[in-house]
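What follows is a set of notes on a single structure, which appears directly below.
Following this line, the structure appears as structure tokens:
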């Protein structure tokens, strides 16, 4: 069971207060009507699903009801950072390679 | 039988407290402090079980969680039966009743043993994959016989009378294992102010110190243990949990502990409301793993005959329980610690025949001690075969060349009744491996030590540290590190001193070669519980199984209830030798929770029976109960389904309720609908984005029905939303959708459109809703309200505030039945008052309570959909014929719009919602019936749709249905067919889904 | 059209209100019950939404309630004189608990003081409050919630929305020796049965 | 291939089992194959077997990064059924079921396919509507099935609590008598042995680390043992499919999630059918060894860790105790997790890709094991001919663009 730091409540809380909501940073196209069927399918269904560093969205469902983002390793399950909606991750697969970690 | 093997003194049992128990129906006695295993050994019980596959007699091998054989059925009543209890971990209590799990007619003379003897050679690993194939139909018959041999113990036939408990805890430091390392760590941390939890699976703290011969500070080690336990108990920040097994290590230092609270006392918790066991859910900042190391038995021929034990178990029984499990002992070992068993045996006054040591020149302190005591040591040799069938009668010994894997020189037969073996020690790494960290081979210690896990520090035996002083030191240092990382400071502490001793280098001793090849020698068991032999592993590698995982799966090595605690490393070593690899090349296996089995009940906890899942009630629930309602589960809600009078069937009750609504007035408790208060200047804009239809023009106190889609264009929810102010709306959702829709709105607001000024708040529980509907609704309501109900002052699809039965209410004139309807909403604390006030006029207006079933009939007559019944996640608003509810020209591309123009959603022949009228008016079609256009075709038939809702309508005087039919909108008047399971083919005509009052005149009166 | 509908929902004279636990009967737990549970029915509850970064919002709330707006996560402020409280629920959401019957005047006071983007919602019918006290009150919470209720993590003045058995609840610590649970109406019966069940081994009184 | 039989067992017993042959070779990879299958799980091995046996393509390699059958084949709850709602899914799973029914004889390897029947319980009125809809559809598709009431359920499964006093009483069930369980490892081993005998190279401990693509055509794979060529490559890698797709520059509509399962300690036979409940959320059968084999729900987050979260296990066992109160005192022995690749519509992908010669068979979610023979069979056909087998055609990746999803969620809840 994960121990998740809620960036709004300012403390670690148990996983069963949260719900995972899929890949982070999936933005709805600004002008859906001008999207091709392929672009719309990409927005609806196609996901990165990486093995390793993953940015995903969670909601503190039974706590503050706020959505936030998390960078997590999908193999070790280590949570590397959490950040609020609208913010960008500091740790990415690319930064890890560049930074020489792991 | 008296306790023939019990010593007259020593041990940590209380001889003044005699305990009576039965095993396989025979009465025995033991003492307080005994385990069932120690008491059985004290009474000279050799055979405790029969083996799983070959039905060979088996005795007790170990003294702890590693025991593979002594698995018993416990319980003196049917309801309190417990299968598969390890006798070595079961404290003895008065009246304990245990049985062997296998053996017929009894464990001493098992008929299946003959099958095992005769069929044994054919029953190598995987034998069932190679036979019983033809004819295919016979497998079920063969399997019936195979299954007869399945299982160890049995589940009770009655429900569990006990309760179980969960307890959530957070701590700075969790110490798993209260042996020397764990206790040193706890003592170190105790006065720092940190929150500390220390647990141990045994009945009392001390671990190996309870059994050791080594003194601490010159005194028996158990004295130091008592002293530490006393100190820890006095500390409020330290929680001590004996009888508590850490059974699972999970991500981010979450550990589950299983505390046996009453299992040492009786079959069933002796005090009312007492939990039989308790799961502690621990979230620890730091974990110190002090789980020690497990001695391995040596693999030699017939090493499963009762009387074969591991050395440390022999010592434990003698030192801790004052039980010597035999008369004449032979030890076979490759390390010094095996000598301790012989020394203890001799000190107990029994004969040690010899210590057989595979090392050429054993020279450690214990070896010297044994020599001084005159014990014969046979160096460079090993026991390669045990003699005897129901009890060891002798040991065959020969010089051994482990590198060449052969015996050399002459065979010596030693007479004995017990063979104690020690192949070395395996650190108990299980917990550290539960989150996927692979154990790492330590060549020096000939064992796997834990891989790196963040926040976990292994100490003592589990880290392959064995000398007592170093063990204590490692516990201490780990605690210093852990506590300082949590920000606490330490007070100085003096650790006790053990008398150090010189240990000779241990040899790697796994399987002992036999005079015959492994395949021809008597069985050499690796995994006793699953009857996995060295020959079986050899066969697996011969057949091409080269991965250790394959070997394990093909042979079942390690799949028993002991999870291979004794056998896994031996099995790996044998595999490695056969494949010509090293052990680390062969790899370790993955350990999974549980470390030892935990009952389902304990894991379920209090969430069982009446507390399995919440039941949600409305404010009128007690009234419904008193009125005799039958309830329907809708999500977690209990909703009245129908209100039978006298002996009415559901059909009769629903017909009566329907008529009441159509002819007089009915009342429905609609409180379960989700209600969301929406405030903010962008509320209207937001609604227009999440609903399919338009909201820009909705006026004050006006209501509007809305459909909600996901962005794939499929309908997900519906409901009525009311404009309470220019910046204020009240949205209703389906009962099941309430929580999800609130989260859905928040999702869009927080992630996509944070710039919109709008707040969503749930008011589902705040407002109680009672729907009065029917021709008499206005008259009824006018009795108790000051609201002007005149047709033109309070129109259909409007909302009013006013007093109802002296309670402020919001009344919505909307209709889900097609009749004149008022939905009265009041603050829920007053709901019962208002409900009862309406019922004061019950007789005058024929007010009739109705439930969800009647609601379904009435709404279906009007063609109103139920999301989730008439839709299934693959239905668009257009499929429902609800184009009137779609704002195609709204400026914002609302959620779901874009998807409606994909090729598949544009298809003309999509399944569309229609009405069906059966040709035979008496017929009520089956909900879920599949629709075909041609009933004469062969199976597989081309299915064109299905019935989503179907009822008998007392108003229409016939059955009717809603259905999704391919291209249905264009097929009005056509006949479709429903071939049923009993061969009947029903016939129905496609009609409009609105069966009653298509112009909506009844609701507009 | 007015912007927002404000509605005094308090009943007139002669109306009998029923709390969500009106149907349950008392329990007696012997001489020294380890847990004492008490329902404080019919309090007024308001959800407040707004922007705490806006100083006029903060001062307006303080003006209206006579206690400052808690901006520190998970904090609980109390106005002993009025018997009212306000707790942080989320960065833009607070729960106000007032004496029963005063929720309308409280809402009006807030609406008078506040401007710009905010919301006030009366939710008084949708919850009830249970107090837990006694030597084993904390034990019962340990059995019921995954949240760390150890006093070191949960000092007086803290308030947390979290899981409670299979429902949710707000857990508050208004003073030494007393815990408050705010549960939703529809889950109240379940929470009550859970509490009694989990408390029984310690002896429990419910009034 | 050495044939297996009861007589053979007796014969080998006389020679102390010393003369059994290897079940498959351990070949050195060739430079080039006609077809490479990436992934040596049940589906990959079945694909190779049917390629060789039915499509006449024997110059085939199966490349497996670990050991054969070591992925979800080794980590599932072994349930086999074909009572799917939608025609496309029903056709695929029923095709599989028919192959199951002759599989042991076909492979000369006893996969212990035990048709002890599958009950899908209904606890709400909507559950029962869904059950009726599904069983009616099954029947008209030629798939066996019945709708049972609570009393009939009780007769089939006496240990199940069918009383009206439970939180969610059993209202009825669907019953597929031909459904059941099989011995999971044996399926992989049987296919492996069969494929090897037909000439397929099973290459273990070899990881694909790249795809070599020229002018939009696959020409082989880079592996930890060097480049291996083939102009037809079928990826059958379950949870790792997205990782392989990325090597080819393709994105898939997949998420890999942990799916947990657990077994009890072995107990005497007490449950001789498969019981599944979507509403109470647990499913259970008893193995021939006596273990209760229990499935849990999918964990909601992406995970390649072969483990999920503890609350899922807790909820599952609460469900099991609710359904089978007499199991309360039975012990849970072991839990584990598989990595399931889930599709948005809970149906698989059997599809060509924009890269010529590169095909994917993935997205089986929780339904993979039961589909093993059928999946391998139609995928082999697809690889051999370069066009989709008619049964596979609806499962093309294009459906996510056109919108022609086959949504098994709505109908069956979780499609285990």
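Chains as they are written, first to last, in the working numbering: chain A, 1 to 102; chain B, 103 to 1107; chain C, 1108 to 1314; chain D, 1315 to 1730.
C-beta: ideal position from N, C-alpha, C; glycine also.
Report all residues from its chain with a CB closer than 7 Å to the CB of residue i; omit the five preceding and five following residues, and keep chain order.
{"i": "residue 756 of chain B", "result": "744, 955, 956 and 959"}
{"i": "residue 1754 of chain D", "result": "Missing from the structure shown is residue 1754 of chain D; chain D here goes from 1315 to 1730 and no further."}
{"i": "residue 971 of chain B", "result": "1050 and 1051"}
Within the 8 Å Cβ cut-off, does residue i reach chain A?
{"i": "residue 853 of chain B", "result": "yes"}
{"i": "residue 1566 of chain D", "result": "yes"}
{"i": "residue 536 of chain B", "result": "no"}
Please report whether the beta-carbon of residue i lies at a distance below 8 Å from any beta-carbon of chain B.
{"i": "residue 1296 of chain C", "result": "yes"}
{"i": "residue 51 of chain A", "result": "no"}
Check residue i in the structure and name its three-state DSSP category.
{"i": "residue 248 of chain B", "result": "helix"}
{"i": "residue 1260 of chain C", "result": "coil"}
{"i": "residue 1691 of chain D", "result": "helix"}
{"i": "residue 533 of chain B", "result": "helix"}
{"i": "residue 307 of chain B", "result": "coil"}
{"i": "residue 677 of chain B", "result": "helix"}
{"i": "residue 298 of chain B", "result": "strand"}
{"i": "residue 1249 of chain C", "result": "helix"}
{"i": "residue 927 of chain B", "result": "strand"}
{"i": "residue 1554 of chain D", "result": "helix"}
{"i": "residue 1128 of chain C", "result": "coil"}
{"i": "residue 816 of chain B", "result": "coil"}
Using the beta-carbon of each residue, which ones in chain G are nearer than 9 Å to residue i?
{"i": "residue 2 of chain A", "result": "The chain inventory of the structure shown lacks chain G, comprising the protein chains A, B, C and D."}
Quick one: what's got a C-beta closer than 8 Å to residue i's C-beta in the same chain, skipping five residues either side?
{"i": "residue 35 of chain A", "result": "29 and 43"}
{"i": "residue 1513 of chain D", "result": "1366, 1372, 1373 and 1374"}
State the start and end residues of the unbroken alpha helix (DSSP H) segment that holds residue i.
{"i": "residue 844 of chain B", "result": "840-853"}
Given residue i, which residues of its chain have a CB within under 6 Å of its CB, disregarding the five upstream and five downstream residues?
{"i": "residue 12 of chain A", "result": "3 and 5"}
{"i": "residue 830 of chain B", "result": "781"}
{"i": "residue 675 of chain B", "result": "612 and 685"}
{"i": "residue 1143 of chain C", "result": "1240, 1241 and 1312"}
{"i": "residue 130 of chain B", "result": "123 and 145"}
{"i": "residue 291 of chain B", "result": "275, 298, 581 and 585"}
{"i": "residue 1151 of chain C", "result": "1205, 1207, 1209, 1210 and 1231"}
Is any beta-carbon of chain D found at less than 8 Å from that of residue i?
{"i": "residue 54 of chain A", "result": "yes"}
Spell out whether any CB of chain C is found under 8 Å from the CB atom of residue i.
{"i": "residue 83 of chain A", "result": "no"}
Quick one: give me the first and last residue of the beta strand (DSSP E) that residue i is part of.
{"i": "residue 219 of chain B", "result": "That residue, residue 219 of chain B, is in no beta strand (DSSP E); its alpha helix (DSSP H) goes 214-221."}
Cβ of residue i within 7 Å of any heavy atom in the ligand GTP?
{"i": "residue 619 of chain B", "result": "Looking for the ligand GTP in the displayed structure turns up nothing, as the structure carries no ligands at all."}
With a threshold of 8 Å, are at least 3 pairs of Cβ atoms found where one atom belongs to the stretch 1015-1023 of chain B and the other to the stretch 1085-1097 of chain B?
In short, these stretches touch, since the Cβ pair count reaches three.
Sufficient close CB pairs (3 or more, under 8 Å) joining the stretch 1067-1082 of chain B to the stretch 772-781 of chain B
They do not touch, by the three-pair rule.
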